[in-house]
Amino acid sequence: MIDPKFIKEDIEGLKLLLKKRNMETAVDLDRLKAIDEERRTLLQKSDELREKRNRLSKEIGQSKSKGLDANELMKQVQGLSEEIKQYSEKLASLEQEYTDLHLSVPNILHESVPEGTDEKDNRIVRTWGEKPHFSFKPKPHYDLGVDRGILDFERGVKIAGARFYLYRGLAARLERAIINFMLDLHTREHGYTEIFGPFMVNDESMTGTGQYPKFRDEYYRIERDGLSLIPTAEVTLTNIYRDEILESSSLPVRVTMQSACFRREAGAAGKDTRGLVRVHQFQKVELVKFVRPETSFDELEKLTGDAEEVLKRLNLHYRVVLLCSGDTSASSSKTYDIEVWMPGMDRYLEISSCSNFMDYQARRAKIRYRKEQGRKPEYLHTLNGSGLAAGRTLAAVMENYQTEKGDIIIPEALKRYLE
RNA sequence: GGAGAGAUGCCCGAGUUGGUCGAAGGGGACGGUCUCGAAAAUCGUUGUGGGCUUUGCUCACCGAGGGUUCGAAUCCCUCUCUCUCCGCCA
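Each residue of the first sequence is one higher than the last, beginning at 195 in our numbering.
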């Protein structure tokens, strides 16, 4: 949610924002503005009536305690109450519509975000390492894994369905090693606290981070219990402080958590159907930060660097891409994608996405902090990024470290985790 | 899953014959006095969100949502969560 002052004071600015984001039809801003004004008028009127009712009711109490007759007053207040009720009903429906529209307004974009319509306009900001050379034609991880007997897609499909898979032996051990390596790196060297929390969350949490109410079909929900399987540990981590006020001295808070992630991949039919690229369940190490507003864009650079460090230590060639205005997700103000080179697939593959949400998510989830004692609480800024997607990292290691005979060399950084 | 108890401000905790209760009291935190300084003592301040004609006025919030009433933290209904006992269990 953006600061409501934008709706009140700068509707033209918001129109421009929608245009930049290539989503002009997503929100009826004129309607939003009109509702905002109408509800404020009604609110004023209704507050006046309530004030009167409170005052008269007090008088009734006083009269009665003196043994005086208050019937006349009581009749008057009864009428007031009727009127107030009508106003509340009108207001409630207006508030509802206002909130729905407010939630649909995307986040303000940072000035450094390039204008553009889709991924073609994203800007490569840096590249690390080089594409490895092979004296043979490197295989994509799915062929390599199946040939080697460590990836089993047929069994995954039998057990659960399309887009499920099974790791056997080395693949399973390698992914576990990758996860441990990443968690150790982030906790020992980057200052994150390791968290282990729920993989299933309630609707408040899904709403807090923005999954609900809009993109309901993209997630698995267990109706009977009102719980949803998390699509990322971002949900668990960000909701740690939902509805709370933190002390300024405790910021920044840095947390990391490894989790399984569940995605329905609705609308991705026929896309990336092979391999570990797009599946319904995968593991990921997530990074989340809660920071003071004035530091959040610096923190985004550091967070992205924390994720990049994983690839550096694994000696995997990658590039960092700054998403353009049309490709940046609605809740993000600025996003970097990290794309790792996949020699077998002969393409770069997104392995991490790091975003600064500024106060957009914090406002929604009511996460605030107190600048100093006695001051009003303010919304803090939240950031998150994958550090990294474990399944895709496994695939990248397999493709980059394969030998002609179909073996996989263990990267130096992972050796101690596989002994 | 069965039986019972409870949910109040940063924390503890009063308030349940409905009225001047946004809420006593204690603790904590912050500020002042005292002191060379500190402790102790003492005085004061200390919830959140909204509206407006914004050094002020006002509305809402006592787990959440409904209801009764002129008026509800206080009465009624539903839900959620917590605790205790029993059952089950990695």
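All C-beta atoms in this analysis are idealised placements derived from N, C-alpha and C, irrespective of residue type, glycine included.
Note that the coordinates shown come from a computational prediction; the quantities given were computed from them, not determined experimentally.
Looking at C-alpha atoms only, which residue of the options is the closest neighbour of residue i?
i, options, result
"Glu566", "Ala366, Ser442, Leu612", "Ser442"
"Leu445", "Tyr554, Asn396, Arg562", "Arg562"
"Glu412", "Arg457, Glu388, Ile373", "Arg457"
"His380", "Lys478, Ser298, Val449, Leu297", "Val449"
"Leu517", "Phe200, Glu598, Arg215", "Arg215"
"Leu421", "Lys239, Glu428, Met394, Tyr281", "Met394"
"Ser527", "Glu305, Val447, Leu612", "Glu305"
"Tyr281", "Ser240, Pro308, Arg247", "Ser240"
"Lys227", "Leu345, Lys408, Asp204", "Asp204"
"Cys455", "Met217, Met536, Tyr435, Tyr414", "Tyr414"
"Gln452", "Lys408, Ala371, Arg225", "Ala371"
"Leu494", "Thr576, Ala462, Ile424, Asn433", "Thr576"
"Asp601", "Asp341, Gln272, Pro308", "Asp341"
"Glu324", "Val271, Pro537, Met268, Gly568", "Pro537"
"Gly469", "Leu345, Asp397, Ser298, Gln238", "Leu345"
"Leu574", "Thr597, Val591, Asn550", "Asn550"
"Thr293", "Lys496, Glu572, Asp222", "Asp222"
"Ala460", "Thr430, Arg410, Leu297", "Arg410"
"Ile229", "Met217, Leu295, Ser257, Ile254", "Leu295"
"Val473", "Arg357, Leu211, Asn265, Thr219", "Arg357"
"Val271", "Ser259, Lys252, Leu262, Gly261", "Lys252"
"Arg247", "Ile278, Gln238, Leu237", "Ile278"
"Val299", "Glu613, Lys408, Gly261", "Lys408"
"Lys213", "Glu309, Asn265, Glu613", "Glu309"
"Ala365", "Asp378, Phe347, Leu377", "Phe347"
"Lys560", "Arg233, Val307, Ile434", "Ile434"
"Glu606", "Ala524, Arg507, Ser523", "Arg507"
Around the Cβ of residue i, are there at least 16 other Cβ atoms within 10 angstroms (buried) or fewer (exposed)?
i, result
"Lys465", "exposed"
"Pro198", "exposed"
"Val319", "exposed"
"Ile373", "buried"
"Ala589", "buried"
"Lys202", "exposed"
"Asp553", "buried"
"Phe390", "exposed"
"Asp521", "buried"
"Arg558", "buried"
"Ala556", "buried"
"Pro334", "buried"
"Ala463", "exposed"
"Ser275", "exposed"
"Thr146", "Within the shown structure, residues of the chain are numbered from 195 to 613, placing residue 146 beyond reach of any answer."
"Gly568", "exposed"
"Thr311", "exposed"
"Thr597", "exposed"
"Ser423", "What sits at residue 423 in the sequence shown is Leu, not Ser. Label assigned to Leu423: buried."
"Ser580", "buried"
"Ile181", "Absent from the structure is residue 181, since the part of the chain shown begins at 195 and ends at 613."
"Thr430", "buried"
"Leu208", "buried"
"Gly339", "buried"
"Ile196", "buried"
"Ser259", "exposed"
"Asn316", "buried"
"Gln290", "exposed"
How many whole angstroms separate the CB atoms of residue i and residue j, which I take to be in contact at a CB cut-off of 8 Å?
i, j, result
"Met539", "Glu488", "In fact, because the Cβ distance is near 41 Å, the residues do not count as touching under 8 Å."
"Thr664", "Asn578", "Because the chain spans 195 through 613 in this model, residue 664 falls outside it and cannot be assessed."
"Thr403", "Glu369", "Going by Cβ atoms, the distance from Thr403 to Glu369 rounds to 25 Å, so no, they are not a contact pair."
"Leu267", "Leu250", "6 Å"
"Met400", "Val504", "So it is not a contact: roughly 28 Å between Cβ atoms."
Considering only heavy atoms of the ligand FAD, does any lie closer than 6 Å to the CB of residue i?
i, result
"Glu348", "Inclusion of the ligand FAD in the displayed structure is not the case, the ligand content being empty and no account of it being possible."
- Query: In chain order, which continuous runs of the alpha helix (DSSP H) of length 4 or greater are located wholly inside the region 372-444?
  - Reply: The region 372-444 contains these whole alpha helix (DSSP H) runs: 397-402, 427-432.
- Task: Determine, using beta-carbon pairs with one atom in the region 274-288 and one in the region 505-514, whether at least three such pairs fall under 8 Å.
- Result: Taking 8 Å as the limit for Cβ pairs, the verdict is that the region 505-514 does not touch the region 274-288.
- Item | Three or more C-beta pairs below 8 Å linking the region 539-555 and the region 514-531 | As far as the Cβ criterion goes, the region 539-555 touches the region 514-531, which means the pair count is three or higher.
- Should the region 477-491 be called in touch with the region 350-367, which here means at least 3 C-beta pairs below 8 Å? With the cut-off at 8 Å, the region 477-491 and the region 350-367 do not touch.
- Item | Cβ pair count under 8 Å reaching 3, the region 327-334 against the region 430-442 | The region 327-334 vs the region 430-442: no contact.
- Query: Between the region 379-397 and the region 500-508, do three or more beta carbon pairs fall short of 8 Å?
  - Reply: Here the region 379-397 makes contact with the region 500-508; the two share three or more CB pairs at distances below 8 Å.
- Message: At 3 residues or longer, what runs of the beta strand (DSSP E) sit wholly inside the region 446-506?
- Response: Fully enclosed beta strand (DSSP E) runs of 3 or longer: 447-456, 475-485.
- Report the residue ranges of all beta strand (DSSP E) runs contained in full by the region 301-380; include only those spanning at least 3 residues, in chain order. List check, beta strand (DSSP E) in window: 317-322.
- Message: Is it the case that the region 569-587 contacts the region 469-481, given that we only count it when at least three CB pairs across the two stretches are under 8 Å?
- Response: Enough Cβ pairs lie closer than 8 Å, so yes.
- Item | Uninterrupted beta strand (DSSP E) stretches inside the region 522-589 (no shorter than 3 residues) | Annotation note: the region 522-589 contains the following uninterrupted beta strand (DSSP E) runs of length 3 or greater, listed N- to C-terminal: 528-536, 541-552, 561-564, 571-573, 575-583.
- Can you check the region 231-301 for any alpha helix (DSSP H) of at least 4 residues that lies completely inside it and give the ranges in chain order? Every unbroken stretch of the alpha helix (DSSP H) spanning 4 or more residues and falling wholly within the region 231-301 is given here in chain order: 265-298.
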